[in-house]
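Chemist: This is the structure I have questions about; it appears just below.
Printed below as a string of structure tokens:
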């Protein structure tokens with residue numbers, strides 16, 4: 045008999061562009077294909093390297109857009125062909141993770157799937173592995189399990205998980221029942237959350253038995269589940285797959301797994317959370333990227349880019365240099381300068397969240413060449 | 045007998061790089077070769093077009109660096125060969141203007157020279173012509189004459205001229221004796237100057253008989269004068285000129301004409317000023333350039349560059365675009381962004397004067413490729 049961890053399969057949905065990191069992130073160079081920490085690895089590769097020791101490199105499935113296939117395979121040479129799931133168009137995370145679960149459960153009825161974003165930054169691999177192991181153990185008890193990050197500050201850019209009580213699961217001590225998921229709070233609320241000790245950051249990781257996950261999807265979204273099962277039925281039959289995908293995939297409802305699964309499952313008492321202490325960041329915007337690259341010192345200008353030539357008196361903010369041009373900053377603070385061959389962004393850390401509005405404006409004005 | 049205005053010769057020293065406008069202005073693309081107003085003309089060409097109706101296009105001499113010869117001649121196709129004075133290296137304005145005067149006085153002993161910077165912006169040609177005519181009339185009375193601009197605000201970026209009393213020169217009514225030249229003031233002093241009514245902006249224009257100017261140079265700087273006369277003696281002899289220039293020019297003292305001529309002449313009561321009302325700006329930095337290009341409205345972001353693609357919510361400051369890249373500004377005010385193919389500057393209007401320090405730092409660190 046296999047242990048739950050031996051039945052674990054990691055799923056990496058590699059979908060989002062990361063519009064708040066424009067013009068660094070683009071449709072053809074999404075966030076997960078960038079090295080955002082100067083480590084030498086793309087975020088996708090780092091995600092793989094973190095999961096391979098847990099799942100084994102033959103047990104990691106990547107769900108990504110057709111356009112990114114070559115880049116993903118170049119980043120992950122050990123990725124098995126059968127573990128590449130290509131989306132003809134983005135249908136959000138329920139479809140992406142749900143399809144992976146539906147495919148895998150046909151191959152292994154007892155499989156436990158865990159989904160981990162391709163574009164987050166995590167430091168503390170040992171703590172990460174311990175948390176995943178606990179999550180897998182709790183998943184075996186038919187909970188849908190998330191990993192919640194112990195907050196280190198009253199962040200307003202993240203969603204929070206409110207925990208209820210210790211579930212007392214053997215081998216997964218400390219795993220709590222989830223009371224509820226709460227949206228990004230304002231600062232006062234975030235401060236209350238952090239001091240309460242009951243709130244954890246929602247890192248968007250979900251671990252559960254594949255059959256339990258599909259059951260939960262079916263409770264809320266029966267049509268979506270039906271579509272996923274129809275796709276999964278033909279997925280491993282190369283001849284039959286194409287026409288079904290063309291017909292079914294584009295019709296699937298676009299909905300984030302947070303809404304289709306996590307919130308209703310929490311409300312019904314079927315959601316558990318592993319409180320974890322590793323460093324985690326979703327690198328949601330340039331302010332976050334600046335913090336991540338300032339070496340922990342608040343008074344440093346972060347500089348990202350191999351051939352950066354920066355001359356600056358700024359003591360905060362970030363410069364991302366992709367052109368090798370001389371970049372000179374005088375008398376600007378908390379500045380964000382992103383210098384790419386065809387687009388330049390100048391903003392401040394405080395305005396970092398507003399970058400997406402520029403992308404929207406560029407879209408509206410038809411300037412897709414730089415998106 | 046000729047009128048004084050018929051004996052007028054315009055001299056355009058086209059020397060300075062305009063370091064405070066880096067990276068727009070460069071050693072190989074100095075300020076005077078740029079169109080800084082979106083008029084379609086470089087500042088040099090606009091200076092020519094302003095002077096040609098007064099002096100005639102055969103009576104304008106340009107003193108410039110050897111490296112800029114081709115660019116200058118391309119800008120000024122009507123410039124006579126004999127009116128191009130090339131410097132092998134910069135020796136400041138006394139040498140440049142003094143050499144022009146020394147050459148011209150040998151050709152025409154009664155010549156009246158007027159020197160006008162190649163890189164200032166003037167609006168109001170009729171008023172400019174009237175002021176020059178008055179200056180020429182006063183110059184005939186052996187004054188060294190400057191044109192002072194009636195201040196429109198308490199600018200701290202300009203030097204001022206304090207006037208003493210009306211000289212009562214026939215045909216040049218309103219021309220005043222100069223009491224003194226005063227350096228760039230602080231704001232409180234500038235406010236006092238403007239309300240006094242006695243102070244005018246020093247626009248660096250000097251009009252005088254060539255023999256009077258050379259006499260004044262000789263009073264303060266006899267060696268410099270001797271060098272200039274030696275150069276002038278052989279200047280129009282193509283065979284003899286080269287060796288003398290190579291020997292004499294590099295040894296000439298580097299001193300601005302303000303110090304060698306204007307201040308001592310003023311102190312001795314030999315300096316006159318024409319109060320003038322045309323719009324004048326030396327476009328000394330990007331704050332000035334922003335003001336010049338904001339259409340007079342304080343709440344406009346100025347944009348300079350033919351193919352500028354700017355997406356911005358900034359209501360002040362300036363973007364100079366030389367690359368055609370999309371430039372996006374979010375939540376930054378009074379910003380200065382200068383986007384060139386090999387260098388990018390980000391600063392604010394308030395820090396515009398500090399741009400020169402970056403140029404100095406780049407020089408020190410050996411990054412001459414972008415200077």
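Residue numbers (the working numbering), protein chains in the order written: chain A, 45 to 415; chain B, 45 to 415. From the three backbone atoms N, C-alpha and C, an ideal C-beta is built for every residue, glycine too.
From the beta carbon of residue 391 (chain B), is the nearest beta carbon of chain A less than 8 Å away?
Modeler: As a first step, residue 391 (chain B) is located in the second chain; it is residue number 347 there, counting from the start. Residue 391 (chain B) counts as touching chain A.
Chemist: Taking the alpha carbon of residue 212 (chain B) as the reference point, which residue from B:230, B:187, B:58 has its own alpha carbon closest?
Modeler: The sequence position of residue 212 (chain B) within the second chain is 168, counting from 1. Comparing Cα positions, the closest option is B:187.
Chemist: Please determine if the stretch 121–130 of chain A and the stretch 246–254 of chain A are in contact, where contact requires at least 3 C-beta pairs separated by less than 8 Å.
Modeler: No, the stretch 121–130 of chain A is not in contact with the stretch 246–254 of chain A.
Chemist: So residue 302 (chain A) and residue 149 (chain A) are supposed to be a Cβ contact under 8 Å. How far apart are they, rounded?
Modeler: Against the first chain, residue 302 (chain A) aligns to sequence position 258. Against the first chain, residue 149 (chain A) aligns to sequence position 105. About 21 Å separates the two Cβ atoms, so there is no contact after all.
Chemist: Measure the alpha-carbon distance for residue 245 (chain A) versus residue 160 (chain A) and round it to whole angstroms.
Modeler: For the purposes of this step, residue 245 (chain A) is taken as the residue at position 201 of the first chain. For the purposes of this step, residue 160 (chain A) is taken as the residue at position 116 of the first chain. Going from the Cα of residue 245 (chain A) to the Cα of residue 160 (chain A) covers about 15 Å.
Chemist: Excluding the five sequence neighbours on either side, which residues of its own chain have a C-beta within less than 7 Å of the C-beta of residue 288 (chain B), listed in chain order?
Modeler: Position 244 of the second chain, counted from the start, is the residue given in the question as residue 288 (chain B). So the qualifying residues of the chain are 274, 275, 278.
Chemist: Which word fits residue 405 (chain B), buried or exposed, when buried means at least 16 other C-beta atoms lie within 10 angstroms of its C-beta?
Modeler: The residue you call residue 405 (chain B) lines up with position 361 of the second chain. Exposed is the call here.
Chemist: Quick check: is the beta carbon of residue 406 (chain A) nearer than 8 Å to any beta carbon in chain B?
Modeler: The residue labelled residue 406 (chain A) in the question sits at position 362 within the first chain. True, the Cβ-Cβ gap to chain B drops below 8 Å.
Chemist: Between residue 200 (chain B) and the rest of its own chain, which residues show a CB-CB distance below 7 Å, the 5 nearest in sequence each way excluded?
Modeler: Position 156 of the second chain, counted from the first residue, corresponds to residue 200 (chain B). Contacts found: 228, 229, 230, 231, 234.
Chemist: Measure the beta-carbon distance from residue 376 (chain A) to residue 358 (chain A) and round it to whole angstroms, keeping in mind my assumption that it falls under 8 Å.
Modeler: Numbered from 1 along the first chain, position 332 holds the residue referred to as residue 376 (chain A). Numbered from 1 along the first chain, position 314 holds the residue referred to as residue 358 (chain A). Yes, they are in contact, since the Cβ atoms of residue 376 (chain A) and residue 358 (chain A) sit about 6 Å apart, within 8 Å.
Chemist: Across which residues does DSSP place residue 53 (chain B) in a beta bridge pair?
Modeler: As a working note, residue 53 (chain B) is residue 9 in the second chain. Note: residue 53 (chain B) sits in a beta bridge opposite B:157.
Chemist: Looking only at its own chain, which residues have a Cβ that is under 7 Å from the Cβ of residue 193 (chain B), when we skip the five neighbours before and after it?
Modeler: Taking the second chain and counting its residues from 1, one reaches residue 193 (chain B) at position 149. 244, 245, 247, 320, 324, listed in sequence order.
Chemist: Residue 374 (chain B) versus chain A: which residues are under 9 Å apart at the beta carbon?
Modeler: Numbered from its first residue, the second chain carries residue 374 (chain B) at position 330. Within 9 Å Cβ-Cβ: 380, 389, 390, 391, 392, 395, 396, 398, 399, 401, 402.
Chemist: Measure the alpha-carbon distance for residue 162 (chain B) versus residue 76 (chain B) and round it to whole angstroms.
Modeler: The count along the second chain starts at 1 and reaches residue 162 (chain B) at position 118. The count along the second chain starts at 1 and reaches residue 76 (chain B) at position 32. Near 6 Å, if we compare the C-alpha coordinates of residue 76 (chain B) and residue 162 (chain B).
Chemist: Is it a yes or a no for the stretch 298–316 of chain B touching the stretch 133–149 of chain B, going by three-plus beta-carbon pairs under 8 Å?
Modeler: Enough Cβ pairs lie closer than 8 Å, so yes.
Chemist: How close, in whole Å, do the beta carbons of residue 378 (chain A) and residue 394 (chain A) come, if the pair is a contact with beta carbons under 8 Å?
Modeler: Position 334 of the first chain, counting from 1, holds the residue named residue 378 (chain A). Position 350 of the first chain, counting from 1, holds the residue named residue 394 (chain A). Sure, about 7 Å apart at Cβ, within 8 Å.
Chemist: Can you tell me whether residue 131 (chain A) is helix, strand or coil according to DSSP?
Modeler: Numbered from its first residue, the first chain carries residue 131 (chain A) at position 87. In the structure shown, residue 131 (chain A) sits in a strand (DSSP, three-state: E or B).
Chemist: Express the C-alpha separation of residue 339 (chain A) and residue 155 (chain A) in angstroms, rounding to a whole number.
Modeler: For the purposes of this step, residue 155 (chain A) is taken as the residue at position 111 of the first chain. For the purposes of this step, residue 339 (chain A) is taken as the residue at position 295 of the first chain. Going by the C-alpha atoms only, they are around 40 Å apart.
Chemist: Once you ignore the five residues that flank residue 202 (chain A) on each side, which residues in its own chain have a CB closer than 6 Å to its CB?
Modeler: Mapped onto the first chain, residue 202 (chain A) falls at position 158. Contacts found: 245.
Chemist: I need the straight-line Cα distance from residue 106 (chain A) to residue 415 (chain A), nearest angstrom please.
Modeler: Within the first chain, numbered from 1, the residue matching residue 106 (chain A) stands at position 62. Within the first chain, numbered from 1, the residue matching residue 415 (chain A) stands at position 371. For residue 106 (chain A) and residue 415 (chain A), the distance between alpha carbons rounds to 24 Å.
Chemist: Cα-Cα, which of A:174, A:262, A:392, A:130 is closest to residue 58 (chain A)?
Modeler: Translated into positions along the first chain, residue 58 (chain A) becomes position 14. When only C-alpha atoms are compared, the closest one is A:130.
Chemist: What residues match up with residue 206 (chain A) in a beta bridge as DSSP calls it?
Modeler: Here residue 206 (chain A) corresponds to residue number 162 of the first chain, with the count starting at 1. Residue 206 (chain A) pairs with A:224, A:243.
Chemist: Could you name the residues of the stretch 347–361 of chain B whose beta carbon sits closer than 8 Å to any beta carbon of chain A, in the order they occur along the chain?
Modeler: The stretch 347–361 of chain B vs chain A, Cβ under 8 Å: 353, 355.
Chemist: Can you pull out the residues from the stretch 122–145 of chain A whose beta carbon lies closer than 8 Å to at least one beta carbon of chain B?
Modeler: Listed in sequence order: no entries.
Chemist: List the residues of chain A that residue 371 (chain B) touches, going by C-beta distances under 7 Å, in chain order.
Modeler: Here residue 371 (chain B) refers to the residue found at position 327 of the second chain. What residue 371 (chain B) touches in chain A: 388.
Chemist: Taking only beta carbons into account, state which residues of the stretch 240–264 of chain B come closer than 7 Å to chain A, listed in chain order.
Modeler: Per Cβ criterion, the list is empty.
Chemist: Taking a Cβ distance cut-off of 7 Å, strictly less, list which residues of the stretch 323–341 of chain B are near chain A, in chain order.
Modeler: Within the stretch 323–341 of chain B, no residue has a Cβ that lies closer than 7 Å to any Cβ of chain A.
Chemist: Excluding sequence positions up to five away, which residues of its chain have a Cβ less than 7 Å from the Cβ of residue 177 (chain B)?
Modeler: As a position in the second chain, residue 177 (chain B) is number 133, starting the count at 1. So the qualifying residues of the chain are 49.
Chemist: With distances taken Cα to Cα, identify the nearest neighbour of residue 116 (chain B) among B:299, B:56, B:51.
Modeler: Counting from 1 along the second chain, the entry for residue 116 (chain B) is found at position 72. Nearest option by C-alpha distance: B:56.
Chemist: At a CB-CB cut-off below 7 Å, which residues of chain A make contact with residue 383 (chain B)?
Modeler: Within the second chain, the letter at position 339 stands for residue 383 (chain B). By Cβ distance, chain A contributes 388.
Chemist: Which whole-angstrom value describes the C-beta separation of residue 132 (chain B) and residue 110 (chain B), a residue pair presumed to lie in contact below a C-beta threshold of 8 Å?
Modeler: Taking the second chain and counting its residues from 1, the one referred to as residue 132 (chain B) is at position 88. Taking the second chain and counting its residues from 1, the one referred to as residue 110 (chain B) is at position 66. Contact flag correct, Cβ pair sits at about 6 Å.
Chemist: Give the residues of chain A in contact with residue 414 (chain B), contact being defined as C-beta atoms less than 7 Å apart.
Modeler: Within the second chain, numbered from 1, the residue matching residue 414 (chain B) stands at position 370. Result: 370.
Chemist: Rounded to whole angstroms, how far is the Cβ of residue 282 (chain A) from the Cβ of residue 221 (chain A), which I believe are closer than 8 Å?
Modeler: Looking up residue 282 (chain A) in the first chain gives position 238. Looking up residue 221 (chain A) in the first chain gives position 177. Their Cβ separation, rounded to whole angstroms, is 43 Å, which puts residue 282 (chain A) and residue 221 (chain A) out of contact at 8 Å.
Chemist: Can you give me the Cβ contacts of residue 326 (chain A) inside the same chain, cut-off strictly under 6 Å, excluding the 5 residues immediately before and after it?
Modeler: Translated into the one-based positions of the first chain, residue 326 (chain A) becomes position 282. Taken in chain order, the residues that qualify are 164.
Chemist: Please confirm if residue 94 (chain B) has its CB atom under 8 Å from at least one CB of chain A.
Modeler: Against the second chain, residue 94 (chain B) aligns to sequence position 50. No, its Cβ sits nowhere closer than 8 Å to a Cβ of chain A.
Chemist: Looking at the strands, I want to know which residues DSSP matches up with residue 325 (chain B).
Modeler: On the second chain, position 281 is the one that residue 325 (chain B) refers to. DSSP output for residue 325 (chain B) lists B:165 as bridge partner(s).
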